[in-house]
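Per our numbering: the sequence shown ends with 480, consecutive numbering throughout.
Ideal placement from N, C-alpha and C gives every residue a C-beta, glycine not left out.
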Amino acid sequence: MAESPSRYAPAGAGCLLSLYSCRWGQRPKGKAQTSKCDCVWLGLLAVAFVLSLGWLYIGLVLFNDLHNLNEFLFRCWGHWLDWSLVLLPVASVLLTYSSLLLLLALLLHLCRQPLHLHWLHKGLLLLSVLLVAATLVGLEIQWQEEWRSLHLSLQATAPFLHIGAVTALTLLAWPAAEAFYCAQRRGPKVLILLLFTGAALAIYLAPLGISSPCLMEYGQLPPKPKLVGHRGAPMLAPENTLMSLRKTAECGASVFETDVMVSSDGVPFLMHDERLDRTTDVASVFPARAAGHSSDFSWAELKQLNAGTWFLERPPFWGARELSSPERQEVENQTVPSLRELLVAAATLNLSIMFDLRRPPPNHTYHHTFINCTLDTVLSTRVPPAMVLWLPDEDRAEVQLRAPELRQPWLFSLLWCAGAASVTTNACQLLQQLAHPLWLIPPQTYQVIWVVSECLSALTLLCPENEVLLLTRIDTTVPA
Numbered sequence: 001m002a003e004s005p006s007r008y009a010p011a012g013a014g015c016l017l018s019l020y021s022c023r024w025g026q027r028p029k030g031k032a033q034t035s036k037c038d039c040v041w042l043g044l045l046a047v048a049f050v051l052s053l054g055w056l057y058i059g060l061v062l063f064n065d066l067h068n069l070n071e072f073l074f075r076c077w078g079h080w081l082d083w084s085l086v087l088l089p090v091a092s093v094l095l096t097y098s099s100l101l102l103l104l105a106l107l108l109h110l111c112r113q114p115l116h117l118h119w120l121h122k123g124l125l126l127l128s129v130l131l132v133a134a135t136l137v138g139l140e141i142q143w144q145e146e147w148r149s150l151h152l153s154l155q156a157t158a159p160f161l162h163i164g165a166v167t168a169l170t171l172l173a174w175p176a177a178e179a180f181y182c183a184q185r186r187g188p189k190v191l192i193l194l195l196f197t198g199a200a201l202a203i204y205l206a207p208l209g210i211s212s213p214c215l216m217e218y219g220q221l222p223p224k225p226k227l228v229g230h231r232g233a234p235m236l237a238p239e240n241t242l243m244s245l246r247k248t249a250e251c252g253a254s255v256f257e258t259d260v261m262v263s264s265d266g267v268p269f270l271m272h273d274e275r276l277d278r279t280t281d282v283a284s285v286f287p288a289r290a291a292g293h294s295s296d297f298s299w300a301e302l303k304q305l306n307a308g309t310w311f312l313e314r315p316p317f318w319g320a321r322e323l324s325s326p327e328r329q330e331v332e333n334q335t336v337p338s339l340r341e342l343l344v345a346a347a348t349l350n351l352s353i354m355f356d357l358r359r360p361p362p363n364h365t366y367h368h369t370f371i372n373c374t375l376d377t378v379l380s381t382r383v384p385p386a387m388v389l390w391l392p393d394e395d396r397a398e399v400q401l402r403a404p405e406l407r408q409p410w411l412f413s414l415l416w417c418a419g420a421a422s423v424t425t426n427a428c429q430l431l432q433q434l435a436h437p438l439w440l441i442p443p444q445t446y447q448v449i450w451v452v453s454e455c456l457s458a459l460t461l462l463c464p465e466n467e468v469l470l471l472t473r474i475d476t477t478v479p480a
């Protein structure tokens, strides 16, 4: 009777088997085999790895808009939490876990050991797949427009993802070939051959479909886009405050973008949310009216509110933790500014103003005349008309579609290469420091990189020495 191939396995195979199958004692005697059920779980492990990798990639891409998710969940639940501290670490843990299991399975396969996945690993894998799937479904239902950001991200990362895919294909060729030669029936052989050949063709031909604005000659780079501070500089100061206006000017931005509402007595003031509880201390000053609409407060009542302490208690961005003592004191003294105060201060800083004008509720005194109130305020300040841009809130969705908000350098670089005239950002202090896009590759240079990398990969796969080494490995491990 032929002896078990596990007898010829390396000494470390027992440790690998213990980690994968949670069998810490002596391995069972007899011929080690991987059942069809084990193959199914191996496929689920591969799916979990791909989903975890995709989830982490999506999380890094959507980090640009994660602040909007934080605001949305705050309005729904009433509690502030930076969800980037939850989503990204969880995605990283799931990817690390599935990667280690997949690596263990690969090493066990090379050592000719059975792939008996322990029930604890099976349960965690199912939980991981369900968690990632639920997150993707939620993204599709509630945040569908973010798929457009993913499409843009591929224009910035596709050239580098292609190189990584070629490398992964080359490294996986040997295990795939060994599985092909070890398969005893024609069906599995054909399946492995078709899957690997299809993956190779897809990866090798992928550059034909890659298109990126940053694939251009250096001399063709357009001018750097102008920066529009989204609610000012909200990473450095409380949003929609005079301190945020000053920080916007210090960052080199040319436009301060904000939101304007009209108080119950007809005074236009700066506020983004329909409720005051996120960006003011209304819950302590007017506890009975904390859930009321922002426009239902008079200007005298609004002046009693502090618009800065929340920035220190619930920092929306990491930058709030790096403020100096004088800056923290200035933050604590911020109040809700009126549109008149904003226009006067902006004129001294030579900043243009762009704002969305929010219509008051139907029962509001100025529900039908809020535009006139705002226009009277703008005209009375004698600010040059060219420095003030505004539109009713009904057109806000179209503006966001044409000029999306961003704070990630990769997205700014992509729009820079595409020739954008201006971008709206929360991170003007970061984007102002970029002297050039993160990457810019001439098309001919990229073609050379593409051809050379794929030729090296193909030569590695077809090298006769590798085939001899592989066949020798199989002959020594398969019993007679």
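Inter-residue CB distance, residue i and residue j (contact presumed, cutoff 8 Å)
i, j, result
"residue 126", "residue 45", "With 8 Å as the limit, residue 126 and residue 45 do not qualify as a contact, their Cβ atoms being about 11 Å apart."
"residue 357", "residue 374", "6 Å"
"residue 245", "residue 345", "6 Å"
"residue 89", "residue 155", "Contact flag wrong, Cβ pair sits at about 27 Å."
"residue 419", "residue 222", "4 Å"
"residue 158", "residue 210", "5 Å"
"residue 180", "residue 193", "6 Å"
"residue 390", "residue 355", "5 Å"
"residue 347", "residue 225", "In fact, because the Cβ distance is near 24 Å, the residues do not count as touching under 8 Å."
Buried versus exposed call for residue i [16 or more other C-beta atoms within 10 Å across all chains shown]
i, result
"residue 105", "buried"
"residue 128", "buried"
"residue 247", "buried"
"residue 117", "buried"
"residue 55", "buried"
"residue 334", "buried"
"residue 241", "buried"
Neighbourhood of residue i by C-beta distance below 6 Å, restricted to the same chain and skipping five residues each side
i, result
"residue 80", "74 and 314"
"residue 339", "260, 268 and 377"
Inter-residue spacing [alpha-carbon to alpha-carbon] between residue i and residue j
i, j, result
"residue 184", "residue 448", "41 Å"
"residue 396", "residue 271", "Low confidence applies to residue 396: its pLDDT is 49, below 50, so where it sits in the model is not reliable, and the reading given next is rough at best. Near 15 Å, if we compare the C-alpha coordinates of residue 271 and residue 396."
"residue 153", "residue 446", "18 Å"
"residue 460", "residue 188", "24 Å"
"residue 416", "residue 142", "29 Å"
"residue 262", "residue 66", "29 Å"
"residue 135", "residue 296", "37 Å"
"residue 124", "residue 410", "34 Å"
"residue 186", "residue 201", "22 Å"
"residue 108", "residue 175", "11 Å"
"residue 204", "residue 76", "47 Å"
"residue 281", "residue 290", "9 Å"
"residue 86", "residue 331", "27 Å"
"residue 292", "residue 436", "46 Å"
Among the options, nearest to residue i - alpha-carbon criterion
i, options, result
"residue 308", "239, 358 and 213", "239"
"residue 325", "335, 312 and 336", "312"
"residue 91", "52, 124, 77 and 301", "52"
"residue 259", "337, 249 and 212", "337"
"residue 278", "19, 35 and 78", "78"
"residue 68", "268, 208, 317 and 203", "317"
"residue 215", "328, 208, 168 and 440", "440"
"residue 148", "64, 224, 168 and 443", "64"
"residue 199", "170, 414, 60 and 302", "170"
"residue 442", "95, 49 and 219", "219"
"residue 457", "167, 151 and 160", "167"
Contacting residues, own chain, Cβ-Cβ under 7 Å from residue i (five flanking each side not counted)
i, result
"residue 285", "304 and 305"
"residue 82", "70"
"residue 253", "227, 228, 229 and 428"
"residue 207", "162 and 450"
"residue 402", "Residue confidence for residue 402 is low, a pLDDT of 43 falling below 50, so the modelled location carries little weight; the figure read from the coordinates is stated next. Result list for residue 402: empty, nothing under 7 Å."
Residue i beta carbon near the ligand FMN (any heavy atom closer than 7 Å)
i, result
"residue 204", "Ligands displayed in this structure: none; no statement on the ligand FMN is therefore possible."
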